[in-house]
């Protein structure tokens with residue numbers, strides 16, 4: 001047997017090059033058992049009560065690992081899972097190299113349309129696996145080998161509800177409206193085309209609900225009933 | 001106040017979207033803020049009653065405008081434009097402000113400038129902090145939104161999927177029997193009650209992408225209370241969970257946009273704990289953080305006048321006959337041709 005290559009425990013991760021300091025986790029590059037790997041270490045937010053921070057780190061780490069495993073099993077293009085350490089808040093996974101979908105759209109505009117459709121297709125496969133992503137923005141797809149890889153399952157959940165699925169679509173639309181405003185309409189329609197290809201008929205209801213959520217954001221009645229006022 | 005100088009531009013702004021009828025007067029020359037007059041309707045019990053508010057506004061509008069002119073030491077003839085918040089907000093209340101502004105504009109021949117109330121809250125934050133291009137968390141009774149300027153407009157990066165942060169605190173306080181009054185000495189009833197409280201389990205934390213949701217928190221908090229949990233612990237935890245979630249979505253917006261500045265604005269912006277959390281979050285990302293000046297956090301006429309001044313100098317006016325109120329006018333529907341210009345900067349052009 002090949003001897004196992006050593007890996008660095010969380011305490012030693014500082015030695016690994018920092019790829020990204022996200023809103024929620026540090027992403028470092030390293031090797032795990034000889035494979036190029038991404039070390040995703042959730043940080044305990046200093047602005048949260050320690051018990052809340054602890055709860056979120058454990059919960060999100062464990063859930064993210066389970067979700068990635070389920071997604072991969074359903075054929076979603078997602079990074080391979082290598083190891084999980086919930087109490088440390090650490091997930092080790094395959095290193096996916098390539099530009100972000102956001103960057104490719106910024107550079108190539110609608111020429112990246114095929115990739116956007118592919119991105120929607122992947123979300124559809126994920127939903128079919130009973131998982132919602134929770135943050136499917138153009139910054140959470142990596143373009144690799146003519147396709148896309150859906151990353152960052154930090155906010156993903158097991159759910160088959162129409163509402164949760166529709167929120168995913170709504171979030172993608174929100175992301176393109178805020179980041180790629182002039183192309184938002186086209187990008188969203190390509191995305192939903194790919195989505196429908198993966199989920200079939202049932203997706204129509206999800207799309208309709210996504211539209212409803214969008215309007216709800218605008219017309220929430222409760223907002224008008226407060227002493228703080230609309231202000 | 002010094003008399004009006006040559007080339008100086010003065011704008012009078014009117015706010016009447018919710019409980020406050022505000023009149024502000026601002027200038028292109030220091031001191032920029034010349035007058036800040038407010039008449040605030042407060043409920044004896046329950047929440048806002050739009051009809052009562054409108055009646056109260058009608059009674060006090062005239063004297064508020066006169067007082068503002070007196071405070072600024074100018075006459076209506078010195079004013080170059082009248083700005084008014086046309087939305088979003090409560091219809092009956094908005095109508096009073098719009099009527100007064102249209103009348104002033106028509107009678108004295110002053111250009112009328114439409115202002116979006118939410119845009120004005122963000123501009124008040126930019127003006128009072130000097131942060132030119134921040135990610136802004138706007139939290140108030142009826143609003144919980146994370147916005148930042150991208151391609152000509154303030155874009156919504158996240159918002160509440162149900163009730164707003166101020167509404168959550170108010171409703172909980174009311175249901176728990178600790179309000180009204182909601183705010184005493186700058187502290188909300190929930191803040192006062194959370195003193196000496198500790199963290200309890202059982203309140204969900206809901207962040208979806210960059211959006212938050214509070215209705216589940218409200219239900220769970222009330223259930224804990226009825227189940228016998230200590231009120232101060234529930235208040236403490238409710239606040240901890242709700243504030244952490246809005247700070248987290250702001251953090252996500254900072255990370256997503258790569259911007260280097262953050263601010264907090266709106267009626268809940270004066271909250272000390274929320275400010276501490278925002279400051280810690282910003283430090284984590286090496287971003288500058290400052291909240292809106294506490295004088296401009298709640299609804300006021302100055303923020304409308306400031307935004308009106310920027311808009312007016314960049315050619316934004318409206319025919320009084322077209323100046324309809326818009327109860328649901330979203331922040332991301334407004335073009336911001338003056339960005340990142342601020343009153344105090346050299347005049348445009």
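Residue numbers (the UniProt record's numbering), protein chains in the order written: chain A, 1 to 231; chain B, 1 to 349. Using N, Cα and C, we set each Cβ at its ideal position, and we do this for glycine too.
Are any of the Cβ atoms in chain A nearer than 9 Å to that of residue i?
i: residue 261(B); result: no
i: residue 255(B); result: yes
i: residue 247(B); result: yes
i: residue 240(B); result: yes
i: residue 350(B); result: Nothing in the structure corresponds to residue 350(B), since chain B is present only between 1 and 349.
i: residue 61(B); result: no
i: residue 153(B); result: yes
i: residue 110(B); result: no
i: residue 71(B); result: no
i: residue 339(B); result: no
Inspect the beta-carbon positions of residue i and residue j and report whether they are closer than 9 Å.
i: residue 357(B); j: residue 147(B); result: The structure shown has nothing for residue 357(B), since chain B only spans 1 to 349.
i: residue 81(B); j: residue 113(B); result: yes
i: residue 97(A); j: residue 144(A); result: yes
i: residue 45(A); j: residue 35(A); result: no
i: residue 137(A); j: residue 171(A); result: yes
i: residue 184(B); j: residue 236(B); result: no
i: residue 117(A); j: residue 207(A); result: no
i: residue 290(B); j: residue 130(B); result: yes
i: residue 124(B); j: residue 141(B); result: no
i: residue 50(B); j: residue 92(B); result: yes
i: residue 168(A); j: residue 134(A); result: yes
i: residue 130(A); j: residue 37(A); result: no
i: residue 153(A); j: residue 119(A); result: no
i: residue 284(B); j: residue 33(B); result: no
i: residue 127(B); j: residue 344(B); result: yes
i: residue 101(B); j: residue 72(B); result: no
i: residue 150(B); j: residue 136(B); result: no
i: residue 303(B); j: residue 97(B); result: no
Mind checking if residue i is an interface residue toward chain B, Cβ cutoff 9 Å exclusive?
i: residue 55(A); result: yes
i: residue 106(A); result: no
i: residue 161(A); result: no
i: residue 40(A); result: no
i: residue 192(A); result: no
i: residue 220(A); result: Its pLDDT being 37, under 50, residue 220(A) is placed unreliably in this model, and the value from its coordinates should be taken loosely. Closer than 9 Å: yes.
i: residue 181(A); result: yes
i: residue 47(A); result: yes
i: residue 21(A); result: yes
i: residue 100(A); result: no
i: residue 137(A); result: yes
i: residue 27(A); result: no
i: residue 171(A); result: yes
Apply the 10 Å Cβ neighbour rule to residue i and answer buried if 16 or more other Cβ atoms are within range, or exposed otherwise.
i: residue 84(A); result: buried
i: residue 144(B); result: buried
i: residue 159(B); result: buried
i: residue 40(A); result: buried
i: residue 110(A); result: exposed
i: residue 263(B); result: buried
i: residue 63(B); result: exposed
i: residue 161(A); result: exposed
i: residue 73(A); result: exposed
i: residue 90(B); result: buried
i: residue 245(B); result: buried
i: residue 219(B); result: exposed
i: residue 188(A); result: buried
i: residue 93(A); result: buried
i: residue 277(B); result: buried
i: residue 268(B); result: buried
i: residue 108(B); result: exposed
i: residue 211(B); result: buried
* To do: Could I get the ranges of all uninterrupted alpha helix (DSSP H) runs contained in the segment 75-149 of chain B, with 4 residues as the minimum, in chain order?
  => Runs of the alpha helix (DSSP H) spanning 4 or more residues and lying entirely within the segment 75-149 of chain B occur at 91-108, 117-129, in chain order.
* To do: Could I get the ranges of all uninterrupted beta strand (DSSP E) runs contained in the segment 137-174 of chain A, with 3 residues as the minimum, in chain order?
  => Those beta strand (DSSP E) runs which fall completely within the segment 137-174 of chain A and span 3+ residues are 141-144, 147-150.
* Below 7 Å between beta carbons is the criterion; list the residues of the segment 139-155 of chain A that meet it against any residue of chain B, in chain order. => Under the 7 Å Cβ criterion, the segment 139-155 of chain A contributes 139, 155.
* **Residues within the segment 2-16 of chain B neighbouring chain A, beta-carbon criterion of under 7 Å** => Of all residues in the segment 2-16 of chain B, none places a beta-carbon less than 7 Å from a beta-carbon of chain A.
* Asked: Quick one, which residues of the segment 275-291 of chain B are near chain A if we go by CB-CB under 9 Å, in chain order?
  -> The segment 275-291 of chain B vs chain A, Cβ under 9 Å: 276, 277, 278, 279, 280, 281, 283, 284, 285.
* Anything in the segment 67-86 of chain A with a Cβ closer than 7 Å to a Cβ of chain B? List those residues in chain order, please. => Residues of the segment 67-86 of chain A with a C-beta atom less than 7 Å from some C-beta of chain B do not occur.
* Contained alpha helix (DSSP H) runs [length at least 4] in the segment 226-297 of chain B, N- to C-terminal order -> Every alpha helix (DSSP H) stretch that sits fully inside the segment 226-297 of chain B and reaches 4 residues is listed by chain position as 231-257, 272-284.
* **Contacting positions in the segment 188-199 of chain B - beta carbon closer than 8 Å to chain A** => Cβ contacts with chain A: 199.
* Contact list for the segment 140-151 of chain B against chain A, Cβ threshold 7 Å -> Residues passing the 7 Å Cβ filter: 140, 141, 142, 143, 150, 151.
* **3 or more residues per run - each beta strand (DSSP E) lying fully within the segment 33-74 of chain B** => Fully enclosed beta strand (DSSP E) runs of 3 or longer: 33-40.
* **Unbroken stretches of the alpha helix (DSSP H), 4 residues or longer, contained in the segment 74-148 of chain A** => Runs found: 101-108, 113-128.
* If contact means a Cβ-Cβ distance below 7 Å, which residues of the segment 110-125 of chain A contact chain B? -> Result list empty, no residue passes.
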